[in-house]
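In this note's numbering, each number is its position in the sequence shown, counted from 1, plus 350.
Heads up, the beta-carbon is just placed ideally off N, CA and C, and yes, glycines get one too.
This report concerns only the one structure given below.
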Amino acid sequence: MDTWLTSLPLWAIFFAIGIGLLVLEINTLTFDLLWLALGALSGALVAWLLPTLPPWVPGLVAVVTGLTLLLLGRRWARRQRGVNRYQNLPDTLVGRIGEVMHPIQPPALGLVRTGTETWSATAAIPINVGQQVRILSRTSTVVVVELV
């Protein structure tokens, strides 16, 4: 008894599995399914280019390629997570020197310019306009400063 699934060429089955895994990867964003999808697509390519091979050969190619890419991909992703290529401006503020643009009179906030950015600022002591300050810490929109 022939079903529609058994009448499909082997490359089409691997191709469908690869596309299905890519669709799942788009929804999970883990990169794990991406490597397995590429393995399935490599099996589809082998089955398409060499249709006379036994069916287990494209399957073996898919499994070996997918698992190899998965292991190497996880190692690559782990290294990439440790590299922070994009730093958020507020995270780079601590330690920078700025100039007081509006006096800081605790508990009232003043303004500090550092580079091209202007931030609301607070300090433990009053600080006048024009004085140089170092940024000690920050909250969401306020930096804590001290005299240089």
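| Item | Value |
| --- | --- |
| Length of the line joining the Cα atoms of Gly-445 and Asn-377 | 40 Å |
| Cβ-based burial, Pro-408 [other Cβ within 10 Å; buried from 16] | buried |
| Span separating the alpha-carbon of Trp-398 from that of Val-413 | 17 Å |
| 8 Å Cβ cutoff met for Leu-459 and Val-492 | yes |
| Boundaries of the alpha helix (DSSP H) in which Ser-392 is found, first to last residue | 382–399 |
| Supposed close pair Val-373, Val-396 - CB separation, criterion 8 Å | Not quite, the Cβ-Cβ distance comes to about 22 Å (not below 8 Å), so this is no contact. |
| Leu-446, DSSP secondary structure in three states | Reading off the sequence shown, one finds Arg at residue 446, where the question assumed Leu. DSSP places Arg-446 in coil when its eight states are reduced to three. |
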